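As structure tokens, the structure follows; a few thoughts come after it.
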Amino acid sequence: MRDSDALLWLRAFIWPEQVERAELLDRAIQTARQNPVELIAGDATETLAAVMEKVPGGRTLCVFRTLTALSPRSRERLAAVCARYGAKRDLFLVSTRGPGSIESELRLVSFVNGVKTERLLARCHNRGQWLEWLES
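When you line the sequence shown up against numbering that gives the first Met the number 0, it's residues 0 to 135, in that order.
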């Protein structure tokens, strides 16, 4: 969050009377400044495999995907990339998937010792206003 123009652009999406949302954005910006991340531009189905190969040994990769519009073909390619990696190393894929409404499902796909498992973790609002954990 070092680009002041980008920050102003984000703030412009919050209406003046939405004080809670403005405070939430301020906290998110502060967190991003304290914990900078490397952003890699590109199509995940084309760049993720190369990123995965750079993960140091002894580390577990977690991929987070939320409200990303992918074509069925791209979803299949992304799943294949994750499956290939998961066959060799542990991998966790956390994603949200919605039926087009404001509600989504939070899902976990894990590959541990080459074994794939899938779990529905929660139902949630697409914009993070609420999250309902399901029984574990």
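The C-beta atom is built at its ideal place from N, Cα and C for all residues, glycine as well.
Predicted model, so just to flag it, every value in this text is computed and none were measured.
Fill in: contact_flag[the region 27-34, the region 55-67] where n(CB pairs < 8 angstroms) is 3 or more
no
Worksheet item: Looking at L77 and L69, is the spacing between their C-beta atoms short of 9 angstroms?
Response: For L69 and L77, yes; Cβs fall inside 9 angstroms.
Worksheet entry | Beta carbon of A48 nearer than 9 angstroms to that of V80 | yes
Worksheet item: What does a CB cutoff of less than 8 angstroms around N112 pick up in its chain, not counting 5 residues either side in sequence?
Response: D89
Practice prompt. Below 6 angstroms CB to CB, which residues in the same chain sit around R64 once its five sequence neighbours on both sides are set aside?
Written response: S94
Worksheet item: Who pairs with R122 in a beta bridge, going by DSSP?
Response: E104 and E131
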